[in-house]
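Residue numbers (our numbering), protein chains in the order written: chain A, 11 to 231; chain B, 11 to 231.
First the structure, in the form of structure tokens, and then the observations on it.
There are 2 protein chains.
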Amino acid sequence: MPEFNLGESSKGEYLVGRGIPPFHRHAILKMNEFSPLHLYIENLHPLDKEVKDQIEHSFNFKKVKKNEFLLQEGEICKFNYFVLKGSLRLFKVDPKGEEMIRYFAFENKFATNLTSFITGMPSEEYIQANEKTELLYIPKSIFLDLVESLPPINRVYRNMLENAYITSQKRIYNFQSYSALERLKWLLEQYPKILSRLPSKLIASYLGITPFTLSRLKAEL
Amino acid sequence: MPEFNLGESSKGEYLVGRGIPPFHRHAILKMNEFSPLHLYIENLHPLDKEVKDQIEHSFNFKKVKKNEFLLQEGEICKFNYFVLKGSLRLFKVDPKGEEMIRYFAFENKFATNLTSFITGMPSEEYIQANEKTELLYIPKSIFLDLVESLPPINRVYRNMLENAYITSQKRIYNFQSYSALERLKWLLEQYPKILSRLPSKLIASYLGITPFTLSRLKAEL
DNA sequence: CTAAAACATTGATCTAGAGCAATGTTTGGG
DNA sequence: CCCAAACATTGCTCTAGATCAATGTTTTAG
Numbered sequence: 011m012p013e014f015n016l017g018e019s020s021k022g023e024y025l026v027g028r029g030i031p032p033f034h035r036h037a038i039l040k041m042n043e044f045s046p047l048h049l050y051i052e053n054l055h056p057l058d059k060e061v062k063d064q065i066e067h068s069f070n071f072k073k074v075k076k077n078e079f080l081l082q083e084g085e086i087c088k089f090n091y092f093v094l095k096g097s098l099r100l101f102k103v104d105p106k107g108e109e110m111i112r113y114f115a116f117e118n119k120f121a122t123n124l125t126s127f128i129t130g131m132p133s134e135e136y137i138q139a140n141e142k143t144e145l146l147y148i149p150k151s152i153f154l155d156l157v158e159s160l161p162p163i164n165r166v167y168r169n170m171l172e173n174a175y176i177t178s179q180k181r182i183y184n185f186q187s188y189s190a191l192e193r194l195k196w197l198l199e200q201y202p203k204i205l206s207r208l209p210s211k212l213i214a215s216y217l218g219i220t221p222f223t224l225s226r227l228k229a230e231l
Numbered sequence: 011m012p013e014f015n016l017g018e019s020s021k022g023e024y025l026v027g028r029g030i031p032p033f034h035r036h037a038i039l040k041m042n043e044f045s046p047l048h049l050y051i052e053n054l055h056p057l058d059k060e061v062k063d064q065i066e067h068s069f070n071f072k073k074v075k076k077n078e079f080l081l082q083e084g085e086i087c088k089f090n091y092f093v094l095k096g097s098l099r100l101f102k103v104d105p106k107g108e109e110m111i112r113y114f115a116f117e118n119k120f121a122t123n124l125t126s127f128i129t130g131m132p133s134e135e136y137i138q139a140n141e142k143t144e145l146l147y148i149p150k151s152i153f154l155d156l157v158e159s160l161p162p163i164n165r166v167y168r169n170m171l172e173n174a175y176i177t178s179q180k181r182i183y184n185f186q187s188y189s190a191l192e193r194l195k196w197l198l199e200q201y202p203k204i205l206s207r208l209p210s211k212l213i214a215s216y217l218g219i220t221p222f223t224l225s226r227l228k229a230e231l
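Okay, structure coming up:
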């Protein structure tokens, strides 16, 4: 019945280094970079040392420049990203060539295009860095092996999915029934400093309004 | 490490009948009612006989009348529902007293208020039958036990969450960038017969427009 | 079967937010 | 440090969709 061999993959060494660009392998040893990830995961589910080690060996560190793409339309999304510093945005480009931003991933958030990541189909979305960004990333196959083989990781992933779903339900209600000004206020409650951190253009896109309207709404705050 | 005893709960009888109103227990024996559920689950992940049996013993059958509530605001959502016939709607009531419909669950769809179901906090949503509806339902504790104890069920739940998340991302993009007419057309692609099956009032709410606007848009189709 | 209530349509306004043009301000690459 | 290019603001106009009132149609309870 199990498609993934639980015994093997829980030995640890089995997974290490697969799909990791050699340049970044050193990062595996830089323990400190992983603590935000540990905190994040431990917050969802307590972990013992062995599992923590497993995680350390599975994620890799990467720095990206402002505006650098981690995923482009048509590519297959092979990684799950965890933001340490900086931020990413996930968006589609509509027929008129406009960005529609679905999600901002700031510090201590995971980001991936789940559709492509899971199905292996080409992505309709882009993932791009808004700022100079530092992140951890884990290849799809390793991530899925961990989810199958380690119950605590399985629970963490389940919690991530549950939370992501709940969050997007809120966003749907927001669009469904609230004015642009109300949506802006809601965003500012969650990220009070977002207006000074990211260009208005991006925030307008996230809110589903034009930069002109956002500019006028700011006056009303 | 495991919080749920895998050996015990996979014995089957352990779970049967917990939380089940006596009136409905007979349903456990009515094998045929479960086949849509089996099909649904098998579509996500193949199942062996033993697991199927486990499922049969965990879900219960229920008929509800049109307009009957399965969950009201302030209550704790204790069940996950699977629709066999008819349909449900999940909605909030906004400050002006208007329904905001988030989701229609037709035949072969699961429905629950995940937020309340998972966190155990009071629900902000209602779940109500649009029509005379037949459903299967599983109590939260049994559901979570199954997810923990049976790997195939774990995968099924994961797939459900992944799909639910992906679907809601699409709905967000829809609200973010498309006109009411485009949203209506998109809905009709998914459910061509929805306009004749449900009152326009409900569809308007789902689309985030007034019934007046929907009435005018129908003329443009 | 019938009457009341709920629902749907349609016309006449009104308004939030879009689109466009002109102008000012920031940013970043050389 | 500078200048071009990208970004932000503001005024004017336009439009999708809201609101409200009047009328017609369908449901539902008795």
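Each residue gets a CB set at the ideal place from its N, CA and C atoms; glycine is no exception.
Same chain only: Cβ atoms within 7 Å of residue i, ignoring 5 sequence neighbours per side
{"i": "Pro46/A", "result": "Leu94 and Asn118"}
{"i": "Lys88/A", "result": "Pro149 and Lys150"}
{"i": "Glu85/B", "result": "Pro132 and Ser133"}
{"i": "Thr122/B", "result": "Cys87, Phe89, Asn90 and Tyr91"}
{"i": "Glu141/B", "result": "Lys76, Gly96 and Ser97"}
{"i": "Ile219/B", "result": "Ala190"}
{"i": "Leu126/A", "result": "The sequence given here has Ser at residue 126/A, not Leu. Cβ within range, chain order: Ile86, Cys87, Pro132 and Ser133."}
{"i": "Phe153/A", "result": "Asn90"}
C-beta neighbour in chain B for residue i, strict 9 Å
{"i": "Val166/A", "result": "no"}
{"i": "Tyr175/A", "result": "yes"}
{"i": "Ile213/A", "result": "no"}
{"i": "Lys150/A", "result": "no"}
{"i": "Leu81/A", "result": "no"}
{"i": "Val93/A", "result": "no"}
Counted within 10 angstroms of its Cβ, other Cβ atoms place residue i as buried (16 or more) or exposed
{"i": "Asp155/A", "result": "buried"}
{"i": "Glu230/A", "result": "exposed"}
{"i": "Ser133/B", "result": "buried"}
{"i": "Gly96/A", "result": "buried"}
{"i": "Phe33/B", "result": "Residue placement at Phe33/B is flagged as unreliable, the pLDDT there being 43, under the threshold of 50; the coordinate-derived value follows with that caveat. Under this definition Phe33/B is an exposed residue."}
{"i": "Leu227/B", "result": "buried"}
{"i": "Pro106/B", "result": "A small fix is needed here, since residue 106/B is Lys in this sequence, not Pro. Lys106/B should be labelled exposed."}
{"i": "Val103/A", "result": "exposed"}
{"i": "Asn70/B", "result": "buried"}
{"i": "Lys211/A", "result": "exposed"}
Endpoints, the beta strand (DSSP E) within which residue i is located
{"i": "Asn90/B", "result": "Phe89 to Lys95"}
{"i": "Asn70/B", "result": "Asn70 to Val74"}
{"i": "Thr143/B", "result": "Thr143 to Pro149"}
{"i": "Glu135/B", "result": "That residue, Glu135/B, is in no beta strand (DSSP E); it is neither H nor E in DSSP."}
Under 9 Å from the C-beta of residue i: neighbouring residues of chain A
{"i": "Arg112/B", "result": "Gln179, Ile182, Tyr183 and Gln186"}
Endpoints, the alpha helix (DSSP H) within which residue i is located
{"i": "Asn123/B", "result": "Run containing Asn123/B: none; DSSP gives neither H nor E here."}
{"i": "Met170/B", "result": "Pro161 to Ser187"}
{"i": "Leu100/A", "result": "Note, Leu100/A: premise wrong, no alpha helix (DSSP H); beta strand (DSSP E) at Leu98 to Val103."}
{"i": "Glu219/B", "result": "The displayed chain sequence assigns Ile, not Glu, to residue 219/B. Run containing Ile219/B: none; DSSP gives neither H nor E here."}
{"i": "Ile204/B", "result": "Ile204 to Arg207"}
{"i": "Leu80/A", "result": "That residue, Leu80/A, is in no alpha helix (DSSP H); its beta strand (DSSP E) goes Phe79 to Leu81."}
{"i": "Tyr50/A", "result": "Ser45 to Leu54"}
{"i": "Glu109/B", "result": "No alpha helix (DSSP H) holds Glu109/B; the beta strand (DSSP E) holding it covers Glu109 to Ala115."}
{"i": "Asp63/B", "result": "Lys59 to Glu66"}
{"i": "Glu199/A", "result": "Ala190 to Gln200"}
Residue i Cβ short of 8 Å to the ligand ZN heavy atom set
{"i": "Lys59/A", "result": "The ligand content of the structure shown is nil, which means the ligand ZN is not present either."}
Chain B contact residues for residue i, given Cβ-Cβ distances below 7 Å
{"i": "Thr220/A", "result": "What Thr220/A touches in chain B: nothing, since even the nearest Cβ is about 12 Å away."}
{"i": "Asp104/A", "result": "Ser187"}
{"i": "Ile128/A", "result": "Glu172"}
Proximal residues of chain B, C-beta to C-beta of residue i below 8 Å
{"i": "Leu171/A", "result": "Arg168, Leu171, Glu172 and Tyr175"}
{"i": "Thr122/A", "result": "Here the premise fails: no neighbours, minimum Cβ distance about 11 Å."}
9 Å Cβ cutoff, residue i in contact with chain A
{"i": "Thr143/B", "result": "no"}
{"i": "Leu224/B", "result": "no"}
{"i": "Glu108/B", "result": "yes"}
{"i": "Leu191/B", "result": "no"}
{"i": "Leu47/B", "result": "no"}
{"i": "Val74/B", "result": "no"}
Same chain only: Cβ atoms within 8 Å of residue i, ignoring 5 sequence neighbours per side
{"i": "Leu197/A", "result": "Ile204, Ile213, Tyr216 and Leu217"}
{"i": "Val61/A", "result": "Leu160, Pro162 and Ile163"}
{"i": "Pro31/A", "result": "Interpretation of Pro31/A is limited by its pLDDT of 44, a score under 50 that renders its predicted location unreliable; the figure taken from the coordinates is listed afterwards. Excluding positions up to five away in sequence, the list reads Asn70."}
Own chain, CB closer than 6 Å to residue i, minus 5 neighbours either side, in chain order
{"i": "Ile128/A", "result": "none"}
{"i": "Ser225/B", "result": "none"}
{"i": "Arg35/A", "result": "Unreliable positioning characterises Arg35/A in this predicted model, as indicated by a pLDDT of 43, which lies under 50. A coordinate reading is not provided."}
{"i": "Gln316/A", "result": "This structure leaves residue 316/A out entirely; chain A is present only between 11 and 231."}
{"i": "Thr143/A", "result": "Val74 and Gly96"}
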